[in-house]
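In my numbering, the protein residues as written are 107 to 942. Everything on this sheet refers to the single structure shown next.
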């Protein structure tokens, strides 16, 4: 935690005062943020269409006196709702854990100690410390400040910043507003729903859950199937009634078919995949704010990344000093030379008194090591010009008790040269020196001083007449594993754009050292705004390095890339990155060095600032999207034979028209549910998945080719199941034996289908290498239940089936294999054609 220069009289709440405040005014959260109780979750599950159908069937069985079937259906209601409750609760807990990690920390003074607490724990009467780049999380009155300004656009709509202090007419700060510069301490006067922002029902920190394209497509598909289910239910009910004149039996037939059509597993699977995917990423150091962003991650086509701290180590070692007076470069072995004393002094004074930037920390460390006396305790900052301008610079003004004054400035070399009293020849020589440093990958800052009498300071720092002192030269080497990271990015078919505030020479040198592909000159931020949209699109296609970038330029790059059809991941950590982070498909903030504003604007936070974590996220996105498709294709394929086995014998007038009852259909549903949403979710990523190009965001979750494959798979299983039906009938089998043949064939076909659909490219045997113990557990449980139903009389009688001898059992397995494993031949042909 940084050190703060706070007046000692600001002691904050005591433990007793905090307890009283908490009891009287509660926590700093909206009143409607009560967590859903378990019974609310259960009630929502019981409103699902499948559960309503089960309840209807149970009531009918009770009315007609089939109590054993009614009891089974009641058990099925408990099982289905139990599975749904387990999945929903697991998803809910995963999302709650992510939400907890997303909550920003706030800095408060309590018992005269500075501490960080979760924002919801801010109490009325607390003293909160806010500083540049932070978001204000409560309403209050400023009691201490230092060059403090705030942006209140979230409340007023005005984008300019407002300077405030304890003496100004407006000395209040409000929740949801952003600190632009300086530091302040405020006493909390309103929290939660009582804040100005809370009253109008808004919060900058609450990012609404967006409905993703995949979610929309799945919802549309399920609704379409539900309408078909209703239509078929009414048709079958009417047809069956006309045939049998038995209203109860015809109603059961209609409900059985409706249950077989309704694909209620699909939305459950989608929620489970997204929530658990987010939770697994959280455990790996990638915090997802919206679970739907997981889907988008896998489609990333362009990564826009900052340089400092993302590509580089952010260590900022002082490598050299250039002294203007002697026109010499001094390396890090000779910083104690007397001629460097003034340059080091003013470089330090131009830094923040309590530094948080790595370069400023280095300057504060070098200062006492190279000076005869440390004057930092004698001088107080009296005025500050924050970092601003294009390119940026900053100026600090200090005074001591004797009225002696220090005015020190540092910033981008171009900015410092522009405000210094220098001849054009001197400036040109200095520019060549900057270029030499840049070619070696060094970060260069210009340093200047000024003498100014009186207190009528100019409005802008650029109006001072500065004396140029020299350059501080830092080296921030690329991270050790960064070349490997960029190799993975390029292998995955993803482009890289480096967007940095540094100059072109330094950025180009670091890009080369990091293994970034670049064959074109860097583009300056000021050039970006001068191009039309078409020109900028063409420029972005050719350019990798964007230097001296400011917020509007970054935003323009992101928006243009999006308009070009790219899926953009933007990495940033500062206040200036917030607009671009918000605009990108995937805004990625750094967890360690990222500002609260950057984290609030981003959709994803990397906890340890390691770019490799983003690759893990993209890999997870591709894995999850592929596995969702596998699960949905499995559901479609296995639903087709169930629907047709229920309906065709009835419509075609076969000897046993009601071969399946609700009992059989619900048993199959109980097998399919966990298989699609729990087992497939646990499937690892397929080999070579990260060597493929990203999928297009505009793609439907199942194109016609994929859908047709699933339909063909389902129809082939149907042919096999109905062949087993006719084979049994031709051999004079009873209804119970025929039902056993059909039921067993379908169960084995389901097992083979779940295995072969683990990959739509690689063979079933190749898929066995994937570690997924859940497949073994679910298949094992399915086969145990099947044999119990076949060979334990109490279960056989209940399901109205007879035991099968070894020959008949072998026939069902063979039919199931032929009806499913033909797909392995298709995959073999597909692999061979891909090789060619």
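Virtual Cβ for every residue (Gly too), placed ideally from N, Cα, C. Please read these numbers as outputs of a predicted model, since none were measured by experiment.
| Check | Outcome |
| --- | --- |
| Per-residue DSSP class, three states only, for residue 132 | coil |
| Closest residue to residue 816 among 475, 862 and 798 (Cα-Cα distance) | 862 |
| Contiguous alpha helix (DSSP H) assignments of at least 4 residues, all confined to the region 414–459 | 447–455 |
| Rounded separation between residue 879 and residue 582 - CA only | 45 Å |
| Limits of the beta strand (DSSP E) - the one that residue 601 falls within | 601–605 |
| C-beta contact flag for residue 694 and residue 706 at 8 Å | no |
| Beta-carbon gap between residue 226 and residue 113 smaller than 8 Å | no |
| DSSP three-state assignment for residue 216, whether helix, strand or coil | strand |
| Continuous beta strand (DSSP E) stretch holding residue 500: start and end | 499–505 |
| Straight-line Cα distance separating residue 576 from residue 529 | 15 Å |
| Alpha helix (DSSP H) segment containing residue 644, residue limits | 639–648 |
| Separation of residue 625 from residue 599, as counted between CA atoms | 17 Å |
| Alpha-carbon to alpha-carbon, residue 238 and residue 248 | 15 Å |
| Distance between residue 387 and residue 393 (C-alpha atoms, nearest Å) | 7 Å |
| Given residue 925 as reference, the closest of 744, 280, 622 and 533 once Cα atoms are compared | 744 |
| Which of helix, strand or coil DSSP assigns to residue 848 | helix |
| For residue 486, the first and last residue of its enclosing beta strand (DSSP E) | 486–494 |
| Residue nearest to residue 258 in terms of C-alpha spacing, selected from 234, 252 and 285 | 285 |
| Cβ pair residue 634, residue 662 closer than 8 Å | yes |
| Beta strand (DSSP E) segment containing residue 673, residue limits | Element bounds for residue 673: n/a, residue is neither H nor E. |
| CA-to-CA distance, residue 596 to residue 586, given in whole angstroms | 18 Å |
| Close-in-space but distant-in-sequence residues of the same chain around residue 277 (CB under 8 Å, 5 per side omitted) | 247, 248, 270 and 271 |
| Residue 56 and residue 651 closer than 8 Å at C-beta | This structure cannot speak to residue 56, because the chain is shown only from 107 to 942. |
| Own chain, CB closer than 7 Å to residue 689, minus 5 neighbours either side, in chain order | 661, 664 and 665 |
| Own chain residues within Cβ distance below 7 Å of residue 458, not counting five before or after | 466 |
| Inter-residue spacing [alpha-carbon to alpha-carbon] between residue 831 and residue 754 | 11 Å |
| C-alpha gap between residue 929 and residue 180, whole angstroms | 38 Å |
| DSSP bridge partner residues for residue 222 (one or two, in chain order) | 213 |
| Residue 326 versus residue 766: straight-line alpha-carbon distance, rounded | 29 Å |
| Exposure of residue 567, with buried meaning 16 or more beta-carbon neighbours within 10 Å | buried |
| Alpha helix (DSSP H) segment containing residue 574, residue limits | Counting along the chain, residue 574 falls outside any alpha helix (DSSP H), though it belongs to the beta strand (DSSP E) covering 573–581. |
| Close-in-space but distant-in-sequence residues of the same chain around residue 407 (CB under 7 Å, 5 per side omitted) | 600, 601, 672, 673 and 800 |
| Simplified DSSP assignment, three categories, for residue 816 | helix |
| Backbone CA spacing between residue 747 and residue 710 [nearest angstrom] | 42 Å |
| Check whether residue 589 and residue 620 have beta carbons under 8 Å apart | yes |
| CB contact flag (residue 719, residue 383, <8 Å) | no |
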